[in-house]
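Novice:
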Amino acid sequence: MNKKELSNYFDSPPATPLQEINDETFIQKNIKLFIKRDDLIDNFINGNKYFKLKYNLIEAAENNFKTLLSFGGAYSNHIYSLAYAGKKFGFKTIGVIRGEEHLPLNPTLQFARECGMEFYYLSRNDYRQKYSDEIISRLHKKFGDFYLIPEGGSNNLAVKGCSEIPQRIDIDYNYLFCACGTGGTLAGIIKGADSKKKIIGIAVLKNASFLFDDVKKLLESEKFNWKILLDYHFGGYAKFDSELVNFIKTFEAKFNIQLEPIYTGKLIYAIYDLAKRNYFKPGSIIVAYHSGGLQGLEGLRQRNLL
């Protein structure tokens with residue numbers, strides 16, 4: 001693998017804008033919303049994926065692993081970015097994909113395969129036990145030695161990477177919001193932010209109260225300035241309705257910022273709804289973290305879901 005290129009790429013993440021959303025909703029309430037546009041870091045490894053992968057890839061390279069293995073669904077942003085990172089930095093990549101193989105491949109998996117990723121499909125039942133000794137042993141027998149990155153990229157090294165996100169926000173603010181799927185990004189932001197700031201995760205899946213414990217485990221030390229809001233999942237992970245789709249389309253037309261309905265659409269919708277419900281004190285400054293993940297839009301369009 002190319003250790004020098006890897007080091008250079010992650011040493012200096014590109015600066016990205018903090019875009020103010022001048023919308024009547026916020027003006028009326030005397031609050032300000034800014035979006036941290038880390039979707040613009042890179043076309044393929046952007047948003048939280050950049051920070052989640054950073055120290056994992058450095059660790060893999062320093063320990064001379066030649067193969068990276070991770071888990072994800074068929075439309076996973078993490079699988080997409082990992083495949084590209086493998087191609088860019090010279091790692092072999094293996095994606096353990098939930099469910100059966102479907103041909104032709106969807107746009108996410110087609111891109112990953114073009115980057116050289118090899119797929120291994122697990123039944124949904126086996127996938128629930130993906131970290132069991134039996135499954136990991138089966139994967140080692142098939143693929144030999146590999147550096148394992150968990151589903152969604154969320155581990156302690158991902159938290160270390162995501163703890164750098166708040167340092168990239170160069171204004172004073174009261175609230176920092178992010179979408180929350182596995183908890184790694186939220187844990188990193190909590191870890192890296194000033195303890196006086198309020199950090200809020202918007203759960204994108206149903207029955208997500210387990211995320212509180214997952215985030216606490218990733219944090220390793222107790223923090224009291226954060227919460228997760230559980231009511232903006234729109235029916236569950238990757239579920240959404242026409243109200244959310246219309247919101248996303250209107251928002252993009254107004255502000256020229258693309259969102260998607262799995263993560264960032266739910267995040268920004270939640271902030272609008274909270275503002276309307278007077279959740280924020282007048283004078284509050286809110287930052288929303290744009291975690292990228294726009295590659296998934298192509299698959300949604302292909303299935304006529306948008």
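Numbering of the sequence shown is given in full-length UniProt numbering, commencing with residue 1 and proceeding in unit increments. We treat Cβ as the ideally placed atom computed from N, Cα and C, and that holds for glycine. It should be emphasised that the depicted structure is a prediction, and the values quoted were computed from it without experimental measurement.
#1: Along the chain, where does the beta strand (DSSP E) containing residue 201 start, and where does it finish?
#2: Could you say which of 33, 19, 262 lies nearest to residue 25 if we only look at CA atoms?
#3: Please classify residue 308 as buried or exposed, where buried requires at least 16 neighbouring CB atoms within 10 angstroms.
#4: Relative to the C-alpha of residue 269, which residue among 163, 282, 247 is closest?
#5: Give me the Cα-Cα distance between residue 2 and residue 148, rounded to the nearest whole angstrom.
#6: If you draw a straight line from the alpha carbon of residue 49 to that of residue 278, how long is it in whole angstroms?
#7: Would the stretch 43-60 and the stretch 141-156 be scored as touching if the rule is three or more Cβ pairs under 8 Å?
#8: Tell me whether residue 115 sits in a helix, a strand or coil according to DSSP, three-state version.
#9: Assuming residue 204 and residue 266 form a contact by the criterion Cβ under 8 Å, report the distance between their Cβ atoms to the nearest whole angstrom.
#10: Give me the Cα-Cα distance between residue 158 and residue 115, rounded to the nearest whole angstrom.
#11: When we look at the beta-carbon of residue 11 and count the other beta-carbons within 10 Å, is it buried (16 or more) or exposed?
#12: From residue 312 to residue 93, what distance separates their C-alpha atoms?
#13: Taking just the CA atoms, how far does residue 271 sit from residue 166?
#14: So, helix, strand or coil for residue 81, using DSSP?
#15: Can you tell me where the alpha helix (DSSP H) with residue 264 in it begins and where it stops?
Specialist: According to the structure shown:
#1: 198-203
#2: 33
#3: The requested residue 308 does not occur in the structure, where the chain is confined to residues 1 to 306.
#4: 247
#5: 19 Å
#6: 32 Å
#7: yes
#8: coil
#9: 5 Å
#10: 22 Å
#11: exposed
#12: Only positions 1 to 306 of the chain appear in the structure, and residue 312 is not among them; the question remains open.
#13: 19 Å
#14: helix
#15: 264-276
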